[in-house]
Amino acid sequence: MDVKLLDRMGPAELRSYVEFLLWHYRVIDGFWFLFVQERFDQAAAEGINERVWHKSAELAARDLVKRFGIGKGLSGFVQGLRYFPWTILIGYDIEEREGEVLITVPRCAPQVARIARGLPEFSCKEMHRGEFGNFASVIDERIRVECLHAPPDPHPPERFCKWRFTLSGG
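The numbering of the sequence shown is our numbering, which starts it at 110 and goes up by one.
Below, the structure written as structure tokens:
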């Protein structure tokens with residue numbers, strides 16, 4: 110990887126470039142899904158998407174732990190999650206409580222884009238269960254993931270999904 114260009118950037122330009130990379134990351138993810146769906150079908154796109162996100166979340170957590178010294182437990186999970194690109198892109202509402210963490214997604218950009226194009230919501234529950242589960246287990250194997258609701262589940266208009274994280278035995 111050649112990152113010499115980054116050495117020549119000032120803080121404002123570097124921030125703008127990071128924003129571009131995050132936006133581009135989302136664009137690639139969206140078009141990848143749409144083109145797999147177009148070529149095969151929605152079930153195939155959802156299944157491949159699950160595999161991709163399960164593995165990429167695990168690899169991201171490993172790298173974040175090394176790069177940023179992420180700790181264990183629910184606080185370590187939240188610390189790592191705040192560095193995860195999708196957290197920044199989607200804008201998860203993260204609520205830390207005694208013995209649990211709740212993540213709520215009030216506005217899911219991929220689902221909103223699909224709805225705007227006249228497409229149905231895609232089933233993302235299992236994708237996120239594996240994504241969150243693999244990410245969390247790298248941080249701390251005791252972290253348990255519970256989906257309160259996510260598509261294809263019905264959801265209230267003010268949010269697309271809600272997740273609960275706890276420590277086993279605690």
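Every residue gets a Cβ at the ideal spot worked out from N, C-alpha and C, and that includes glycine.
Being a predicted model, the structure only gives us computed values, none of them experimental.
- Nearest to Pro229 by alpha-carbon distance, out of Leu143, Val127, Lys175, Asp111, is Leu143.
- Distance check between Thr275 and each of Glu267, Asp262, Phe244, Arg251 places Arg251 closest, using alpha-carbon atoms only.
- Sixteen is the threshold: when 16 or more other Cβ atoms of the shown chains lie within 10 Å of the Cβ of Arg223, as they do, the residue is buried.
- If the five residues before and after Ala245 are omitted, its C-beta is found closer than 7 Å to the C-beta atoms of Phe186, Ile252, Val254, Phe274, all from its own chain and listed in chain order.
- Leu276 is bridged by DSSP to Ile252.
- In this structure, DSSP gives Leu228 a state outside helix and strand, which the three-state scheme calls coil.
- Residue environment for Lys164: exposed (fewer than 16 other C-beta atoms within 10 angstroms of its C-beta).
- Rounded to the nearest angstrom, the gap between the Cα atoms of Gly180 and Gly227 is 43 Å.
- In the structure shown, the three-state DSSP call for Glu155 is helix.
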